[in-house]
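Asks:
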Amino acid sequence: MLNEIKQFVLSKTAENDKKIGDLFPHATENGIYDRIENCGWTGGFYTGLNYLCYEMSQDDFYLKAAQAPLPRLKKALDERGTALGHDIGMLFSPSFYADYKLTGSEESKKVTLEAGETLLKRFKPNGEYIQAWDQWGDSEFGVENLTRMIIDCMYNLPLLFRCYEISGDKKFYDAAYKHAKTAQKYLVRDDFTTPHTFVFNEDGTPRYERTHQGAADDSCWARGQGWAITGFAMAYRFTKDESFLETSKGCVKTFLKMTEKDLIPKWDMIYQGNDSEPRDTSAAGIIANGLMELYDSTGEETYKDTAYKMLVTLYTDYSSKDDPGYEGLVKEATGHKPAGKNINVSLIYGDYYFVELLSRFMGTSKGYW
1215 MLNEIKQFVL
1225 SKTAENDKKI
1235 GDLFPHATEN
1245 GIYDRIENCG
1255 WTGGFYTGLN
1265 YLCYEMSQDD
1275 FYLKAAQAPL
1285 PRLKKALDER
1295 GTALGHDIGM
1305 LFSPSFYADY
1315 KLTGSEESKK
1325 VTLEAGETLL
1335 KRFKPNGEYI
1345 QAWDQWGDSE
1355 FGVENLTRMI
1365 IDCMYNLPLL
1375 FRCYEISGDK
1385 KFYDAAYKHA
1395 KTAQKYLVRD
1405 DFTTPHTFVF
1415 NEDGTPRYER
1425 THQGAADDSC
1435 WARGQGWAIT
1445 GFAMAYRFTK
1455 DESFLETSKG
1465 CVKTFLKMTE
1475 KDLIPKWDMI
1485 YQGNDSEPRD
1495 TSAAGIIANG
1505 LMELYDSTGE
1515 ETYKDTAYKM
1525 LVTLYTDYSS
1535 KDDPGYEGLV
1545 KEATGHKPAG
1555 KNINVSLIYG
1565 DYYFVELLSR
1575 FMGTSKGYW
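Each number in this note's numbering comes from the position in the sequence shown (counting from 1) with 1214 added on.
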């Protein structure tokens, strides 16, 4: 089965590379990926997917495809800086850090550190968290952005930890660790469900939970649960803080209670069993990689077994293996249901996490986080 999935991934990715070039795919429409010049927050995932394919195949074709968008990413960092938001980690870990890791490029190492320095500027000492977004207009929600952290940011922390490893400068480690502790306190509930965002006062005192992409402020957005499961598992890998490991494990138990029978969750898990609500395969991919992180840290086979079931299900029941004209790898991802955006499509990060999951089972890579 693994070799069959590998051939599917390598073949479809090679076809896409020839059409997409140095642009950034984000979501499919009628099975065809958009081609965007602006990296947005997802611009690192397609280059990362190609690095994974390179490691899997040792074919320089994929290495060149991975490197093609790098100048656009560097330009975005130079021109926009902190305005790229907290997702600087998701942009530059699977791109420039991956390139440095695989090729030893001094230029990619330099850009990785520049990205880390830029992300550090978003760290707020009052409250000890990384500010997610900048102000969006004058609405209450838009102004709240000035003091908001979100669960997604757990996936941006590895860039800071890697910058610490590269440079030896503990400021990177300290900011990442403090943010993770704050997220643990305010973005993980007692029942190990997760709100999407949390808002503070300017002095760092807590205010309240607020959703953006979930169904309600007190619901459990599936992708957010994935960011938590894998994010805290990775935070444990870097810090060996046992509390992060326990938080990840707790979030897994809650996921298993709230997901669907085939382990592919509804976009918000309060809709468990509701056939009128779409699933989110991208959340499943993130979570399955988190299970593999937990397996690596604990040796508990149940995590690996569950992750393998999810890989097989994503390929067998949700992939485009029988749809040669469809550019995405995995169907039925949900981007932003409350806004009516990108529902039942392929999303580039969903495809990336599917390939990372495959790579973990192939033994060729564990990603670039």
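Glycine included, each C-beta is placed from N, C-alpha and C at the ideal position.
If you check the beta carbons only, do phenylalanine 1446 and methionine 1368 fall under 9 Å apart?
Replies: yes
Asks: According to DSSP, is aspartate 1431 part of a helix, a strand, or is it coil?
Replies: coil
Asks: Taking the alpha carbon of glutamine 1221 as the reference point, which residue from Tyr1582, Lys1580, Met1576 and Leu1327 has its own alpha carbon closest?
Replies: From the listed residues Tyr1582, Lys1580, Met1576 and Leu1327, the smallest Cα separation to glutamine 1221 is found for Met1576.
Asks: Assuming alanine 1346 and leucine 1371 make a contact with CB atoms under 8 Å, what is their CB distance in whole Å?
Replies: Not a contact, Cβ separation roughly 13 Å.
Asks: How far does the beta strand (DSSP E) with proline 1420 in it reach, from first residue to last?
Replies: 1420 to 1424
Asks: Mind checking which residues open and close the alpha helix (DSSP H) that includes threonine 1317?
Replies: From DSSP, the alpha helix (DSSP H) with threonine 1317 extends over 1312 to 1317.
Asks: For alanine 1449, which residues from the same chain have a beta carbon less than 6 Å from its beta carbon, with the 5 sequence-adjacent residues on both sides left out?
Replies: Ala1394 and Phe1458
Asks: The beta strand (DSSP E) with phenylalanine 1412 in it runs from where to where?
Replies: 1411 to 1414
Asks: For glycine 1499, name the three-state secondary structure that DSSP assigns.
Replies: helix
Asks: Quick one, which of Ile1562, Phe1568, Asp1383 and Arg1574 has its alpha-carbon nearest cysteine 1253's?
Replies: Considering only alpha carbons, the answer is Ile1562.
Asks: Locate the alpha helix (DSSP H) running through isoleucine 1365, then write down its first and last residues.
Replies: Per DSSP, isoleucine 1365 belongs to no alpha helix (DSSP H) and is neither H nor E.
Asks: Helix, strand or coil for threonine 1242 per DSSP?
Replies: strand
Asks: For tyrosine 1493, which three-state DSSP category applies?
Replies: What sits at residue 1493 in the sequence shown is arginine, not tyrosine. Reduced to three states, the DSSP call for arginine 1493 is strand.
Asks: Look up tyrosine 1522 in the DSSP assignment and say whether it is helix, strand or coil.
Replies: helix
Asks: Evaluate the contact criterion for the segment 1433 to 1443 versus the segment 1402 to 1412: three or more CB pairs, one atom per stretch, below 8 Å.
Replies: yes
Asks: Work out the CA separation of isoleucine 1478 and leucine 1646 for me, nearest whole Å.
Replies: Outside the shown range of the chain, which is 1215 to 1583, sits residue 1646, and nothing can be said about it.
Asks: If the criterion is Cβ atoms closer than 9 Å, does the pair serine 1425 and proline 1409 meet it?
Replies: Before going further, note that residue 1425 is threonine rather than serine in the sequence given. Yes, Cβ-Cβ distance for threonine 1425 and proline 1409 is below 9 Å.
Asks: Is it buried or exposed for glutamine 1398, if we count other Cβ within 10 angstroms and need 16 for buried?
Replies: It is buried - the Cβ of glutamine 1398 has at least 16 other Cβ atoms within 10 Å.
Asks: Under DSSP, the beta strand (DSSP E) around lysine 1278 begins and ends at which residues?
Replies: Element bounds for lysine 1278: not the beta strand (DSSP E) but the alpha helix (DSSP H), 1274 to 1281.
Asks: Flag phenylalanine 1575 as yes when its Cβ comes closer than 8 Å to any non-hydrogen atom of the ligand SAM, and as no otherwise.
Replies: Although the ligand SAM was asked about, the structure shown includes no ligands whatsoever.
Asks: With a threshold of 7 Å on Cβ separation, who are the neighbours of alanine 1282 within its own chain once the five nearest residues in sequence on each side are excluded?
Replies: Here the set comprises Gly1235 and Asp1236.
Asks: With a cut-off of 8 Å, do at least 3 Cβ pairs link the segment 1537 to 1547 to the segment 1503 to 1517?
Replies: Between the segment 1537 to 1547 and the segment 1503 to 1517 there are fewer than three inter-stretch CB-CB distances shorter than 8 Å, so the stretches are not counted as touching.
Asks: Check aspartate 1482 in the structure and name its three-state DSSP category.
Replies: Three-state DSSP puts aspartate 1482 in a strand.
Asks: Locate the beta strand (DSSP E) running through lysine 1555, then write down its first and last residues.
Replies: 1555 to 1559
Asks: If I follow the unbroken alpha helix (DSSP H) through histidine 1550, where does it start and stop?
Replies: Not the alpha helix (DSSP H): histidine 1550 falls in the beta strand (DSSP E), residues 1547 to 1550.
Asks: Using the Cα positions of tyrosine 1517 and alanine 1498, report the straight-line distance between them to the nearest angstrom.
Replies: 14 Å
Asks: Using 8 Å for Cβ pairs, my map puts alanine 1442 next to leucine 1373. What's the rounded Cβ distance?
Replies: Leucine 1373 and alanine 1442 do not touch by the CB rule: their CB atoms are close to 18 Å apart, not below 8 Å.
Asks: Select from Thr1332, Asp1313 and Glu1331 the residue whose C-alpha is nearest the C-alpha of lysine 1323.
Replies: Comparing alpha-carbon positions, the option among Thr1332, Asp1313 and Glu1331 lying closest to lysine 1323 turns out to be Asp1313.
Asks: Would you grab the beta carbon distance between leucine 1334 and alanine 1389 for me? Rounded to a whole angstrom, and I think it's under 8 Å.
Replies: 6 Å
Asks: Just to confirm, are leucine 1571 and leucine 1528 a CB contact at a threshold of 9 Å?
Replies: In this structure, leucine 1571 places its C-beta atom within 9 Å of the C-beta atom of leucine 1528.
Asks: My output table needs one value for tyrosine 1247: the three-state DSSP class, helix, strand or coil.
Replies: strand
Asks: Under three-state DSSP, which class holds tyrosine 1540?
Replies: In the structure shown, tyrosine 1540 sits in coil (DSSP, three-state: anything other than H, G, I, E or B).
Asks: Report yes if the CB atom of phenylalanine 1355 is closer than 9 Å to the CB atom of isoleucine 1344, and no otherwise.
Replies: no
Asks: Within 10 angstroms of the Cβ of leucine 1470, are there 16 or more other Cβ atoms? Answer buried if so, exposed if not.
Replies: exposed
Asks: Assign arginine 1421 to buried or exposed, taking buried as 16 or more other Cβ atoms, counted over all protein chains shown, within 10 Å of its Cβ.
Replies: exposed
Asks: Over what stretch of residues does the alpha helix (DSSP H) that includes threonine 1396 continue unbroken?
Replies: Note, threonine 1396: alpha helix (DSSP H), 1384 to 1400.
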